[in-house]
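Visitor:
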Amino acid sequence: MQVYRHSEAIGANRLMGADDVFKQIESASGDIVIRAGAGTGKTTALVMKYLSELSAPREEGYATVDRLCAITFTVKAAGEMSDRVREKLTEKIDELSAEAPIEGSSANLSEDDPQWSEKSKLLAHLVRQRQTLKSAYISTIHSFCARLLWENPVAAGVDPAFVVMDETDAKSVMERAIHKVILDKLRAGAGDVKKLVADYGFSSKGRVEGLKNYILRMIPLIRAANIKLAGLERIHVREISALKQKQKGARMKLKNLALKLLEFGKASREKKFADALSESPKIIEDGSTLDPVTAGKFLKMAEELRKGVQKRKSVISGKEKGEEAYLAADLAEAVCGHDMEIALLKNSSAMTRLIKEIQNRYEIEKLGAGALDYDDLEEKTRDLLKKSPRTLNAYRKRFYRALIDEFQDTNMLQMEIVTLLAPPGEGRLFIVGDSKQSIYGFRGADINVFEKVGAQIVENGGDQFSLTKSRRSTPALVDFTNRYFETLMRGGKEEEKGRQLRFNIDTDRLKPVRPDENGGFAVTRIGTGGEEEGIDKSRLVEAGDIADYIKWAVSSGEALVGDSKSGGARPVKFGDIAILLRTFTSHEVYESALRRSGSPYQVVKGRGFYDSQEIKDISNLLSFLDYSSDALAYVSVLRSPLAGLSDSALLTLCVGDKGDRLDPVKFIRPGEPLPLFDLKEDAQRFETFRDRLSQWKAARDRMTISELIETIISQTGYGAVMTSRFNGEQYLGNIFKLIELARTFEMDGSRGLKNFIVRLKAMIAREPGEAKADISGGDEDVVRIMTTHQSKGLEFPVVIIADIASSIRSQAGKITFHPEGGLGLQHYDLASGKWYAGPIFRNGAERAKSEQTQELKRLLYVAMTRARDRLVLSGAAKRKGVWQNWIDETIEEAGLSDKVAIFQKPAVPDISSSTPGAPPLVDRLLAGYRPDAAVPGKPAALSPGIPSMQISVTSLASFSLCPRLYYYRHVMEAPMIDHAKAFSFPDDDERSRRETGIRVHEVLEQTQIGEGAPENALKDAVNEKFLDFSRGTKSAVLKNLATAFGKPPLSALRLAPPGAIMREVSLVHKIVEKEMELIIHGAADIIWFDGNEWNMVDYKYSARPVDERGYLFQLKLYAHAMMTAHRMKSLNTAVVYLKEKKDSASTMRFLPIDAPDLRDRVVNMARRLLKLEKKPEREWPMRERKSCDEYECFFRSRCY
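Here it is in structure tokens:
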């Protein structure tokens, strides 16, 4: 993987020796906090400190690896940290070996020789530490906590053999607990829970969250904030008490102020608000208690009054500052807020009790499984250290130093664990981080933790260091990001509430170390489209422009990126480029654009091998085959491509006509009548799946595990379905890898299917440590598409931040949680159907919105600072996405407009390769070679501004038949699968039409034909190619071929000399117009010369279709290309339908006089295609429904 890190690009030794701050960090003896900007070497500083602690002489001897702990927050980062420590240990060992060598091997260094020098003793010590490095405390925080619990199970009160659930499994168990507790409460008639369900709904629908999902989302955040439920109740009591204090005296003040507001103009907001108070006198009556609807209405009016005055531009009676309006809004909120929250108290108390019962149920579920989730690991470790002084003191004495990486991503609970082990002031704590790169707030990370602990370290006499020298980016990029984020992160009104971060010029401004090797604009803006276009269309156009930029960057040959080896600059490679997205919701659009442009790419997934859906699908099926009462696995399989049932079919299996719950498993029993499905296809698929299930159960004890999996894949067509999806090769590669793992497992014949399933489920439950199947074939020169979160810790010569115009989904719902304000709920008025928010909810929502805004700024910082040489910002120029607005407005405000280039598509030759196996001339033609050029083989320069299009004959024929068909087949690359038959399994005597057609073409391509060919050549070839087919299929194929070759035009081949016959002939035709250049390529099935004339045949293993215009157009294109290349005077052509019994050939004689009309038609089609190329689906024209039915188009259900 061509990913660059500073130690690789610059050299770690130079890095360490170039800056005194690293030496100061290495020699510092107390607590240390390091603020490290992007690319400044924070991991290097941590590794240096780790090695210095190992090498430092102590009275009790050198520190061993089990006396240090180094913690980071991802498995990948922990692995890289361990590798870096090993690498630096080896360097130090090699250095000492040259200065003070010792005799013997590393295996016999158990004791020091008294005659050794101090260097020799240190050498022996470091060798021993390298040998035991795998047992070192270098891990994620979760792995560290699990290790402490495994080491102290009795003191911690945990099962010594506990297993760790990953996030997916923990979420599944939590969902079950929530579901069970709520349903049990409803069945028991619990009125408080009924009210919650009535107000907030049971489960989610669309974008509206239900009670289940609110609880599922809040519980991890409450635990990460280190708040117990009793603490949550105390926060609520505190908030209501504060509101009570605000209410005192507010009514009288509001009553007096209302009289002043009545003096404002009739149209003013102040006057309207005063009128509303007059109409509801209860608001300002002493001792009154407001109902939630009245309180909610006036809270909303107060908010609207404040916002309206803020936006107002006119001056009203000299009161332009709006003091009265702001005061009225504050007083109304003070009067109504307390009463609103008192009215909501029943719901909030019920919610707290419900959460408590759900957590108890969740604990019971985990206890039964002997499992802990990630939060359990942290909570129980915290409790172990707090409740067991002996254990705490033992670990405090053990660890000379606790080194914590990425400390800006910690939460309150993790902070408590770290500070228990190494309290600030004891001189053992080392933390490093960058507040600007805190981007995991959605997981409960608290940016204040880093600032809080950093301040404690300084207050207790520790050292603070700032790493500000960027060894990653060019001077131009460093200057751009400094000035940009000084402006963007200076704070604003929208950030008044919530946890804030501002750019500190002293500690956050970076200084470049790299020279400016390549010059030119470091930042490029790609902006297309406008407000009138929908986001989908804008994104489609943008993806095409990104593909054009990549094509230009790679093919231009310009030295755009730095070369660490030569110290100069070099051209861009595909592997230098990363496309970063905020989310993965639309990455397919960018994939499709890269495919069309011929740019190799890889989508970087966050999931591991065992967490892949295809592995879980097969695991579920194997689990059900082994244990037929596993209803969850069974239903999961039915919904997967292994069975392919629709959601309505699953509902039919699980719920009866009267709404009663059914056992879906009963329908697979022999003789059980099928339920009445809504769709005929579902009935067919279920019946087919039921039959196969019986076969698999009968065969499971006779087959090996790998054979069983292969049988399942073969019979269901699962591999074909998964391959047809985006990134299909990866899915298929994972399936094959699972089969190989099964074969390895089978080597011990005593294990069996049950043990394999247990092993598989256990691996799925663990942290994803197994890599996905490698399908790259060793070629890593590919563009990478990933999220910004996935790019953390990486760097690339060229970074493209895409889709900046996309909108940000609001996190506001009907229930909110914030660590400082607790639980906030909205009130639902059944009569009006309206929601009313109280002050606790409003404050929590405002804090959350402010923190989301700031985190998005930090996420943008992370994205921009991944770039080493070139940064590309891409999005529709006039849309209103948050990143879009920030980028364009801040660039202008910071005076950076002259530092940003606007990308305009240059005219360059198409870099796409020809089809595999094409002659070298084809590749040369596609690269721009013209036979009439002055210098043979030299690409001819295209006229400026002329677009170049490369297209296959088949693609152009599809477009001539139906532009929408072209869109589905060649733009979206949708599979040609009849979905009504996708899950039907052919009989033993049949094969798919596609496979048969492929074999027939192989026969005709390789069989000896023509004068002197053996009499049985065709028969022998069919028997060889169709060896694994039934006798009936072979007989039918041979009969069809013999019939076709017994009639013109193919019968003429019997007399043709073998040297006059050419098969699979690659053809390329180039058309150059003033406004465009078109390259058409393809391959004709067979061409021969009969002594007088040239003949060409394109054969199809099918009967004659109702509409053969597409095939005839394809034939004309082949003929035109052939005649132009060889200056033929005429060419006899034909399409032969090999399964047609009577009139099997459509013949046509092509003459030079036919060429101009065909050429004009092709050029006009190409012009239309260029205009449509980046348009969304709905703008591609389609044929009438009747034509689609006659053609039997597989995509007609998508059009009509």
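1037 is the number that our numbering gives to position 1037 of the sequence shown; each next residue is one higher, with no gaps. Even for Gly, the Cβ is constructed at its ideal location relative to N, Cα and C. Since the structure is predicted, the reported quantities are computational estimates derived from the model, not experimental observations.
#1: Can you tell me whether H1126 is buried or exposed? The criterion is at least 16 other CB atoms within 10 Å of its CB, across all chains shown.
#2: What residues match up with A1147 in a beta bridge as DSSP calls it?
#3: Let's test the definition: count the other Cβ atoms within 10 Å of the Cβ of S958 and tell me whether it reaches 16, buried, or not, exposed.
#4: Classify I577 as helix, strand or coil using the three-state DSSP reduction.
#5: For I138, which residues does DSSP report across the bridge?
#6: What first and last residue would you give for the alpha helix (DSSP H) that runs through W1094?
#7: With a Cβ-Cβ cutoff of 8 Å, do P1205 and R692 count as a contact?
#8: Looking at C-alpha atoms only, which residue of Q602, V872, V1135 is the closest neighbour of N560?
#9: Can at least three beta-carbon pairs, one atom from the stretch 159–176 and one from the stretch 348–368, be found at a separation below 8 Å?
#10: Which of the three DSSP states, helix, strand or coil, is assigned to E59?
#11: Would you decide whether S1051 is buried or exposed? Buried here means 16 or more other CB atoms lie within 10 Å of its CB.
#12: Comparing alpha-carbon positions, which option in P819, K857, S241, N843 lies nearest I804?
#13: Taking DSSP as the reference, what is the three-state secondary structure of E517?
#14: Whole angstroms are fine: how far does the CA of S117 sit from the CA of A70?
#15: Nearest to L1151 by CA position, among T585, M1123, V1135, is which residue?
#16: Would you decide whether I427 is buried or exposed? Buried here means 16 or more other CB atoms lie within 10 Å of its CB.
#17: Let me make sure I understand the geometry here. Which of S82, L89, T90, L123 has the alpha-carbon closest to that of E99?
#18: Look up S1030 in the DSSP assignment and say whether it is helix, strand or coil.
#19: Where DSSP assigns a beta bridge to L467, which residues make up the other side?
#20: How many Å lie between L815 and G833 at the Cα?
#21: Go ahead and label A1212 buried or exposed: buried means 16 or more other beta carbons lie within 10 angstroms of its beta carbon, across all protein chains shown.
#22: For M252, count neighbouring Cβ atoms within 10 angstroms of its own Cβ and tell me buried if that reaches 16, exposed if not.
#23: Spatial neighbours of V418 within its chain, please: C-beta separation below 7 Å, excluding the five flanking residues on both sides.
#24: Specify, as a first and last residue, the run of the alpha helix (DSSP H) that Y374 falls within.
#25: So, at 8 Å on beta carbons, what are the nonlocal neighbours of L196 in its own chain, with the 5 sequence-adjacent residues on each side left out?
#26: Does the distance from the CB of V523 to the CB of F480 come in under 8 Å?
#27: Using DSSP bridges, identify the partner residues of M786.
#28: Which residues mark the beginning and the end of the beta strand (DSSP E) in which W1088 is found?
#29: Label N411 either buried or exposed according to how many other C-beta atoms from any shown protein chain fall within 10 Å of its C-beta, with 16 as the threshold for buried.
#30: As an exercise, report each continuous alpha helix (DSSP H) stretch of at least 4 residues that is fully enclosed by the stretch 240–268, in chain order.
#31: Out of curiosity, what's the CA-to-CA distance linking A773 and K380?
#32: Tell me, please, whether the stretch 240–248 touches the stretch 433–440 by the rule of three or more beta-carbon pairs shorter than 8 Å.
#33: Should E333 and L299 be called a contact, given that it needs their Cβ atoms to be closer than 8 Å?
#34: Hey, quick one: how far does the alpha helix (DSSP H) through F959 stretch, first residue to last?
#35: Measure the alpha-carbon distance for G425 versus S27 and round it to whole angstroms.
#36: Who pairs with S1066 in a beta bridge, going by DSSP?
Guide: Taking the structure as given:
#1: exposed
#2: A small fix is needed here, since residue 1147 is Thr in this sequence, not Ala. Per DSSP, A1134.
#3: buried
#4: strand
#5: A70
#6: That residue, W1094, is in no alpha helix (DSSP H); its beta strand (DSSP E) goes 1094–1100.
#7: Nothing can be reported for residue 1205, as the shown portion of the chain is limited to 1 through 1200.
#8: A quick correction: the sequence has Leu, not Asn, at residue 560. It is V872 whose Cα lies nearest to the Cα of L560.
#9: yes
#10: coil
#11: exposed
#12: K857
#13: coil
#14: 30 Å
#15: M1123
#16: For the sequence presented, residue 427 should be read as Gly rather than Ile. So G427 counts as buried.
#17: L123
#18: coil
#19: A36
#20: This sequence places Ile at residue 815; Leu is not what is there. Whole-angstrom Cα-Cα distance: 17 Å.
#21: With the chain covering only 1 through 1200, there is no way to say anything about residue 1212.
#22: exposed
#23: A402, I404
#24: 374–387
#25: L211, N347, A350, M351, L354
#26: yes
#27: L580
#28: 1077–1089
#29: buried
#30: 250–261
#31: At A773 the pLDDT is 44, less than 50, meaning the model places this residue with poor confidence; the figure from the coordinates comes in the next sentence. Taking the straight line joining both Cα atoms gives about 36 Å.
#32: no
#33: yes
#34: 953–961
#35: 17 Å
#36: A1083
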